[in-house]
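Q: Supplied in structure tokens, the structure appears directly below.
In our numbering, the protein residues as written are 3 to 96.
Structural data, given as structure tokens:
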């Protein structure tokens, strides 16, 4: 479901690029994208590549911590309501 909602350019980019691999230069990426763009007709759905995957993460809470020299660090905890997926933020003591 996520794949079909991605922009066409992102789908083609997934086919053209082996993410995080070393590439010769920008032109190599552009050339690979041109090849893939020709491969899939404009009116054709781009299929999910076999090497592509992902995770859907639904956190229940997230905490952000930012250190300060005086050790009065900033801590913020965001808690997600499981019913409506709204977030509440609370400041925590260091």
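We put the CB at the ideal spot given by N, CA and C, even for glycine. Just so we're clear, the structure is a prediction, and the values are computed from it rather than from any experiment.
When you compare each of 31, 83, 87, 64 to residue 94 by their alpha carbons, which one comes out closest?
A: For the purposes of this step, residue 94 is taken as the residue at position 92 of the chain shown. The residue with the shortest Cα to Cα distance from residue 94 is 64.
Q: What residue range is occupied by the uninterrupted alpha helix (DSSP H) comprising residue 38?
A: The sequence position of residue 38 within the chain shown is 36, counting from 1. Residue 38 -> alpha helix (DSSP H) spans 28-41.
Q: Would you kindly report the start and end of the unbroken beta strand (DSSP E) that includes residue 92?
A: As a first step, residue 92 must be located in the chain shown, where it is residue number 90. Run containing residue 92: 89-94, per the beta strand (DSSP E) assignment.
Q: Alpha carbon to alpha carbon, what distance is there between residue 17 and residue 66?
A: Along the chain shown, read from residue 1 onward, the residue named residue 66 stands at position 64. Along the chain shown, read from residue 1 onward, the residue named residue 17 stands at position 15. Roughly 35 Å between the two C-alpha positions.
Q: The beta strand (DSSP E) that contains residue 67, what's its start and end?
A: Within the chain shown, residue 67 is the residue found at index 65, counting from 1. Here the beta strand (DSSP E) through residue 67 covers 63-68.
Q: Give the C-beta separation of residue 31 and residue 25 to the nearest angstrom, bearing in mind that I take them to be a contact with Cβ-Cβ under 8 Å.
A: Along the chain shown, read from residue 1 onward, the residue named residue 31 stands at position 29. Along the chain shown, read from residue 1 onward, the residue named residue 25 stands at position 23. Going by Cβ atoms, the distance from residue 31 to residue 25 rounds to 6 Å, so yes, they are a contact pair.
Q: Taking residue 37 and residue 13 to be in contact with their CB atoms under 8 Å, please state how far apart those CB atoms are, rounded to whole angstroms.
A: Position 35 of the chain shown, counting from 1, holds the residue named residue 37. Position 11 of the chain shown, counting from 1, holds the residue named residue 13. Wrong, their Cβ atoms sit about 15 Å apart, outside the cutoff.
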